[in-house]
Amino acid sequence: MTQTLILVIDLIMRLATLLFLVRFLLQASGADFYNPISQAVIKGSDPLASVFRKFLPATGKFDLASLLLAVIMGIVFIAIISMGRYTISQYAVFGVVRVLSVLVDFYWWSMLIVVIASFVSQGNSHPGLSLLEQLLEPLIKPVRSILPSMGPLDFSPMVVILALSIAQRSLPNAYSLI
6 MTQTLILVID LIMRLATLLF LVRFLLQASG ADFYNPISQA VIKGSDPLAS VFRKFLPATG
66 KFDLASLLLA VIMGIVFIAI ISMGRYTISQ YAVFGVVRVL SVLVDFYWWS MLIVVIASFV
126 SQGNSHPGLS LLEQLLEPLI KPVRSILPSM GPLDFSPMVV ILALSIAQRS LPNAYSLI
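Numbering (this note's numbering), first residue to last: 6 to 183.
Here it is in structure tokens:
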């Protein structure tokens, strides 16, 4: 397979994985389901998620069908680029690592977007930014409770970005499997 084709497949599979992960995170974080972006994510993921939800119902705040679909997308990507070199258990582990990598990247970029937006457009309410803030709150809240208050400055996003950067570096790259 050519490198360009692998990159295109990677992008498509990352977006599909991200769609199901965001669907999972929306429910887990209790984000606003009436947000237009939330509605788009639900509408885009519902055809497959509703099929899997028949076999794997939601438990409390967690939509396990969406999480399973995200892992399946990770496994499919690894299976495509490795062309059948691994066992089923190795594919499962690599699929979970792939999902964790997509999740960490999503949180890292989302945190960066929210931090930059807080400097650029203070007090402005955009549906995308409010949704990102709701999705990031479970990560930021524990750090905020530990860090002392610095008045109007909030250093908790920097601590979270640092932790996410460390996580990005420690997760293996899918291209090392080729």
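Every residue, glycine too, gets a C-beta built ideally from N, C-alpha and C.
Since we're looking at a predicted model, the values are computed, not measured.
- Counting other Cβ atoms within 10 Å of its Cβ, F60 stays below 16 and is therefore classed as exposed.
- Taken through DSSP and simplified to helix, strand or coil, F38 comes out as coil.
- Straight through space, the alpha carbons of F25 and Y91 are spaced by roughly 25 angstroms.
- Exclusion of the five residues before and after G79 leaves M18, T22, F99, G100, V101, V102, R103, V104, V107 as the residues of its chain whose Cβ lies within less than 8 angstroms of its Cβ.
- If you draw a 10 Å sphere on the C-beta of S170, you find fewer than 16 other C-beta atoms in it, and that means exposed.
- Within the same chain, Cβ atoms closer than 7 angstroms to the Cβ of V148 are found at S161, V164, V165, the five residues on either side in sequence being excluded.
- In the DSSP assignment, R103 falls within the alpha helix (DSSP H) that extends over 93 to 125.
- Restricting attention to alpha helix (DSSP H) runs no shorter than 4 residues, the segment 49 to 87 encloses them at 69 to 87, ordered along the chain.
- In its chain, beyond the 5 residues on either side, S43, S135, L136, Q139 have a beta carbon closer than 8 angstroms to the beta carbon of D37.
- Considering only I86, L158, V125, V120, the residue with the shortest C-alpha distance to V13 is I86.
- Taking the Cα of A168 as reference, the smallest distance to any Cα among M155, L158, P153, I145 is reached at I145.
- The segment 130 to 159 is shown to contain whole alpha helix (DSSP H) runs of 4 or more residues at 132 to 151, in chain order.
- For P177, there is no enclosing alpha helix (DSSP H), as DSSP marks it with neither H nor E.
- Scanning its chain for C-beta atoms nearer than 6 angstroms, with the 5 sequence neighbours on each side dropped, one finds around L69 the residues L61, in chain order.
- Non-local beta-carbon contacts of Q173 in its own chain, meaning distances under 8 angstroms to residues more than five positions away in sequence, involve S106, V109, D110, W113 in chain order.
- Between the C-alpha atoms of V81 and S154 there is a straight-line separation of about 45 angstroms.
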